[in-house]
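Worksheet: the structure to be examined is printed underneath.
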Amino acid sequence: MEVILLEKISGLGEIGAVVKVKEGFAKNYLIPRKKVLRVTAQNKEVFEQQKALLEQQNLEKRAAAELNAQSISNKVVSVIRQAGEDGRLYGSVTARNIAKAISVASGLDISDEMIVIGEKIKEIGFYEISITLHADVSSNIKVNVARSEQEAEAALKALEAEVPANDKEELKS
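So the sequence shown is numbered by UniProt numbering: it starts at 1 and just counts up by one.
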């Protein structure tokens, strides 16, 4: 199915690009979220009329995302989970858990779709997580997985001893 992009989408293209995507992806994800329009003569006219407005909205969203990225960049958020004596978690820490912890700690509206986890989090420790706030804007945050608040604070103090204090700030969840 051919669609017109209403916003920049990573892996697909810029605003206004006409791209071919799988029908299920368009119908189940892109169209309900108002990220695309089907390619028809009428929709092309509608898009051309709204193009300047869409580009302005995209610039505003990007500026807001850049401000949010600066506010959470290089912060540490703690996630408390049950774990065995060997440090292995009972289960794992998911993108949803991290998004909720960041949202509670920072007050930002972070969804689990924005979180990029490089490796599965199945043990206690620090993990580097990327947050995609906009197609062009991402930020990194450290996640401290611990058994208790006391353990999280002790691990954070050990990290601060290794890294200068002005490089790290903590967000508590």
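Heads up, the beta-carbon is just placed ideally off N, CA and C, and yes, glycines get one too.
Spatial neighbours of D109 within its chain, please: CB distance less than 7 Å, with the 5 preceding and 5 following residues excluded, ordered by chain position. Numbered from 1 along the sequence shown, position 109 holds the residue referred to as residue 109. S103.
inquiry  = Can you tell me whether E14 is helix, strand or coil according to DSSP?
reply    = Your numbering for residue 14 matches position 14 in the sequence shown. Reduced to three states, the DSSP call for E14 is coil.
Taking three-plus beta-carbon pairs below 8 Å as touching, is the segment 123–142 in contact with the segment 70–88?
yes
Taking buried to mean at least 16 other C-beta atoms within 10 Å of its own C-beta, is N144 buried or exposed? As a position in the sequence shown, residue 144 is number 144, starting the count at 1. It counts as buried.
Q. From G13 to A161, what distance separates their C-alpha atoms?
A. Taking the first residue of the sequence shown as 1, we reach residue 13 at position 13. Taking the first residue of the sequence shown as 1, we reach residue 161 at position 161. Approximately 44 Å, taken between the alpha carbons.
Can you name the start and end residues of the beta strand (DSSP E) that A146 belongs to? Indexing the sequence shown from 1 puts residue 146 at position 146. Here the beta strand (DSSP E) through A146 covers 137–146.
Check: When DSSP labels each residue in this structure, what does S73 get in the three-state scheme?
Finding: In the sequence shown, the residue the question calls residue 73 occupies position 73. It is coil, neither helix nor strand.
Extent of the continuous beta strand (DSSP E) run through R96 = In the sequence shown, the residue the question calls residue 96 occupies position 96. Not the beta strand (DSSP E): R96 falls in the alpha helix (DSSP H), residues 95–106.
| said: Let me make sure I understand the geometry here. Which of E153, G11, E55 has the alpha-carbon closest to that of V79? | reply: Taking the first residue of the sequence shown as position 1, residue 79 is located at position 79. Cα-wise, what sits closest to V79 is E153.
- request: Go ahead and pull the three-state DSSP assignment for L6.
  value: For the purposes of this step, residue 6 is taken as residue 6 along the sequence shown, with counting starting at 1. Reduced to three states, the DSSP call for L6 is coil.
Practice prompt. Sort H134, I141, E151 by Cα distance to A65 and report the nearest one.
Written response: Along the sequence shown, one-based indexing puts residue 65 at 65. Of the candidates H134, I141, E151, the one whose C-alpha sits nearest the C-alpha of A65 is H134.
Discussion item. Here's the rule: buried if 16 or more other CB atoms are within 10 angstroms of the residue's CB, otherwise exposed. What is N166?
Written reply: As a position in the sequence shown, residue 166 is number 166, starting the count at 1. Since pLDDT at N166 reaches only 46, below the 50 mark, its modelled position is unreliable, and no value is offered.
Reduced DSSP category for G24 - H, G, I as helix; E, B as strand; rest coil | By one-based count along the sequence shown, residue 24 stands at place 24. DSSP places G24 in helix when its eight states are reduced to three.
Worksheet item: Which whole-angstrom value describes the C-beta separation of I72 and S106, a residue pair presumed to lie in contact below a C-beta threshold of 8 Å?
Response: Locating residue 72 in the sequence shown gives position 72, where the first residue counts as 1. Locating residue 106 in the sequence shown gives position 106, where the first residue counts as 1. The pair is a contact, with the Cβ atoms about 6 Å apart (cut-off 8 Å).
Option nearest Q56 by Cα separation, candidates I15, I31, Y29: Start at 1 with the first residue of the sequence shown, and residue 56 comes out as number 56. The option with the nearest alpha carbon to Q56 is I15.
Where the alpha helix (DSSP H) through L156 begins and ends
On the sequence shown, residue 156 is found 156 positions in, with the first residue counted as 1. Counting along the chain, the alpha helix (DSSP H) containing L156 begins and ends at 149–162.
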